[in-house]
Ligand code: PMP
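In my numbering, the protein residues as written are 208 to 614.
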């Protein structure tokens, strides 16, 4: 059904080749975290075997090697996002910390009573709660942009919400709960027209296509390494240079300072100003290897394969009695959220797992949109380029079997 050589790709991912509950694993929880190719695992292990050292401060060979590899990884991320300079790439612990950093630091310097922050109603909690903190700390207000029954941002409503009091618009590039691809180019243009800044949560986008932050002209773009075939514990914050320069430090400690005295402390240059303490060196090197892996892949063919998997799965879903799709936006990543009539999503998830099929169930950290739809959550199957059509068949066979237990 597609010319993409999935079997060759699958050979790179050791974790996929195992049995779960007596069945070959079908891993369809890629929106929660992606699996890691051998190349990433090897890069991390090689680093600990041969180069492990602290970065930037050692006067010895290992420290030099660690620093060179660590900064080369930053450069790879900059190229991956087409950022103007590597110093605009800040390492964090993940998407969550990247957003907390911007909400706390940019928020402190820029928000005041009467200012408005807009987020979409389908955001992940990580793109809601930090803004609630910022609003509470500064007297600004946080308002949701309406989302329709298909899971699309209501762009007319968004347009009508914009005025000169809107200082920040923070939206997901892609919804983790439903896979909706948001029209962020339009959102960025409209927000900039009233002088607002825009943060894009790219956690669910970067694994599917190449992102160009200069073309998008977003002010901030954030993502997590673990959703991009890299390790957990590492995230990225891209920001425009003037904005990052004007923002106060987020955390204090080593690395982020220039000079420290009890009379006062001065801060380091970008990106180190925002990188207090010893960073996740191995994680950064692992992410660099993940980016190398993706660069060697035909990403357009990979995305086409994912879309073909989604189309095949949704066609089967529509032919499945008692199954309702949640999130039917016209532009989606390879995420299929659904409900089985009369069954709680968590029970469906358990019955699928018993058959070796791994999905995610629950509200997907997007409780407001689940509340709007008046559902407790969904069952979410999310496909990556290493998934196969046979695995989609396994999913639907497992759903049919689960139904016999549930209804
Ligand atoms: N935003 C979105 C859209 C996500 O999908 C996720 C992860 N589920 C996050 C933010 C949070 O990412 P992390 O837990 O890696 O910080």
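Quick reminder that beta carbons are idealized off the backbone N, C-alpha and C, glycines included.
Please read all numbers here as calculations on a predicted model, not as lab measurements.
message: Just verifying my parser: in three-state terms, what is the DSSP assignment at residue 327?
response: Looking up residue 327 in the chain shown gives position 120. DSSP places residue 327 in strand when its eight states are reduced to three.
field: Given residue 233 as reference, the closest of 609, 612 and 588 once Cα atoms are compared
entry: By one-based count along the chain shown, residue 233 stands at place 26. Ranking 609, 612 and 588 by Cα distance to residue 233 puts 588 first.
Assigned exposure category for residue 393 - 16 Cβ within 10 Å defines buried: In the chain shown, residue 393 corresponds to position 186, counting from 1. Flag for residue 393 reads exposed.
- request: Leaving aside the five residues before and after residue 466 along the sequence, list all residues of the same chain whose C-beta is less than 6 Å from its C-beta, in chain order.
  value: Taking the chain shown and counting its residues from 1, one reaches residue 466 at position 259. Beyond the five residues adjoining it in sequence on each side, residue 466 comes within less than 6 Å, by CB distance, of 473 in the same chain, given in chain order.
task: Please report how far the alpha carbon of residue 551 lies from the alpha carbon of residue 612, in whole angstroms.
output: Counting from one through the chain shown, the residue named residue 551 turns up at place 344. Counting from one through the chain shown, the residue named residue 612 turns up at place 405. Between the alpha carbons of residue 551 and residue 612 lies a distance of about 12 Å.
task: Take the Cβ of residue 304 as the centre, count every other Cβ of all protein chains shown within 10 Å, and call the residue buried at 16 or more, exposed below.
output: Along the chain shown, one-based indexing puts residue 304 at 97. Flag for residue 304 reads buried.
message: With a threshold of 8 Å (Cβ to nearest heavy atom), would residue 382 be considered close to the ligand PMP?
response: For the purposes of this step, residue 382 is taken as the residue at position 175 of the chain shown. Yes.
task: To the nearest angstrom, report how far apart residue 457 and residue 508 are at their CA atoms.
output: For this step, residue 457 is matched to residue 250 along the chain shown. For this step, residue 508 is matched to residue 301 along the chain shown. Computed Cα separation, rounded: 40 Å.
- request: Flag this pair as touching only if the stretch 494 to 505 and the stretch 310 to 317 have three or more C-beta atom pairs under 8 Å; answer yes or no.
  value: no
- prompt: Which residues mark the beginning and the end of the alpha helix (DSSP H) in which residue 577 is found?
  reply: Within the chain shown, residue 577 is the residue found at index 370, counting from 1. Note, residue 577: alpha helix (DSSP H), 574 to 580.
- prompt: Roughly how many angstroms separate the alpha carbons of residue 235 and residue 560, rounded to a whole number?
  reply: Reading the chain shown from its first residue, position 28 is the one you call residue 235. Reading the chain shown from its first residue, position 353 is the one you call residue 560. Here the C-alpha atom of residue 235 lies approximately 11 Å from the C-alpha atom of residue 560.
field: Any beta strand (DSSP E) of 3 or more consecutive residues that is wholly inside the stretch 275 to 322
entry: 296 to 299
- prompt: Which stretch, first to last residue, makes up the alpha helix (DSSP H) that contains residue 547?
  reply: Taking the chain shown and counting its residues from 1, one reaches residue 547 at position 340. Residue 547 -> not in any alpha helix (DSSP H); beta strand (DSSP E) instead, spanning 542 to 547.
- request: Determine the direct distance from the alpha carbon of residue 517 to that of residue 598, and round the result to whole angstroms.
  value: Within the chain shown, the letter at position 391 stands for residue 598. Within the chain shown, the letter at position 310 stands for residue 517. Residue 598 and residue 517: Cα-Cα distance of roughly 12 Å.
message: Quick check: what's the CA-CA separation for residue 573 versus residue 325?
response: As a first step, residue 573 must be located in the chain shown, where it is residue number 366. As a first step, residue 325 must be located in the chain shown, where it is residue number 118. Straight-line Cα distance between these residues: approximately 16 Å.
field: residue 334 CB to nearest heavy atom of the ligand PMP below 8 Å
entry: Against the chain shown, residue 334 aligns to sequence position 127. Correct: residue 334 has its Cβ closer than 8 Å to the ligand PMP.
field: Segment contact, 8 Å Cβ cut-off, at least three pairs: the stretch 288 to 297 with the stretch 436 to 452
entry: They touch, by the three-pair rule.
query: Under the criterion of a Cβ to heavy atom distance below 8 Å, does residue 402 qualify as lining the ligand PMP?
result: Here residue 402 refers to the residue found at position 195 when the chain shown is read from its first residue. Residue 402 Cβ: outside cutoff for every heavy atom of the ligand PMP.
query: residue 493: beta carbon under 8 Å from a heavy atom of the ligand PMP?
result: Counted from its first residue, the chain shown places residue 493 at position 286. Incorrect: residue 493 has no Cβ contact closer than 8 Å to the ligand PMP.
- prompt: Between the beta-carbon of residue 406 and the beta-carbon of residue 334, is there less than 9 Å?
  reply: As a working mapping, residue 406 is identified with position 199 in the chain shown. As a working mapping, residue 334 is identified with position 127 in the chain shown. Taking 9 Å as the cut-off, the Cβ atoms of residue 406 and residue 334 count as close.
field: residue 485 to residue 582 span [Cα, whole Å]
entry: Here residue 485 refers to the residue found at position 278 when the chain shown is read from its first residue. Here residue 582 refers to the residue found at position 375 when the chain shown is read from its first residue. Looking at the two C-alpha atoms, the distance is approximately 43 Å.
task: Compute the distance between the beta-carbons of residue 568 and residue 549, then report whether it is under 9 Å.
output: Numbered from its first residue, the chain shown carries residue 568 at position 361. Numbered from its first residue, the chain shown carries residue 549 at position 342. Cβ atoms of residue 568 and residue 549: not closer than 9 Å.
field: Cα-Cα separation between residue 442 and residue 476, rounded to whole angstroms
entry: Here residue 442 is taken as the residue at index 235 of the chain shown, counted from 1. Here residue 476 is taken as the residue at index 269 of the chain shown, counted from 1. In a straight line, the C-alpha of residue 442 is about 20 Å away from that of residue 476.
- request: Could you tell me whether any non-hydrogen atom of the ligand PMP is closer than 8 Å to the CB of residue 571?
  value: What you label residue 571 is simply residue 364 of the chain shown in a count that begins at 1. It does: the Cβ of residue 571 is within 8 Å (strictly closer) of some heavy atom of the ligand PMP.
- request: Answer yes or no: do residue 352 and residue 371 have a C-beta to C-beta separation smaller than 9 Å?
  value: Residue 352 sits at position 145 when you count from the first residue of the chain shown. Residue 371 sits at position 164 when you count from the first residue of the chain shown. No.
query: Any chance the CB of residue 541 is under 8 Å from a heavy atom of the ligand PMP?
result: As a working mapping, residue 541 is identified with position 334 in the chain shown. No, the Cβ of residue 541 stays beyond 8 Å of every heavy atom of the ligand PMP.
- prompt: So what does DSSP say about residue 414, is it helix, strand or coil?
  reply: Mapped onto the chain shown, residue 414 falls at position 207. Coil, per DSSP.
- prompt: In three-state terms, what does DSSP make of residue 601?
  reply: Working through the chain shown from its first residue, we reach residue 601 at position 394. Note: residue 601 maps to helix in three-state DSSP.
- request: Express the C-alpha separation of residue 425 and residue 488 in angstroms, rounding to a whole number.
  value: Here residue 488 refers to the residue found at position 281 of the chain shown. Here residue 425 refers to the residue found at position 218 of the chain shown. Looking at the two C-alpha atoms, the distance is approximately 27 Å.
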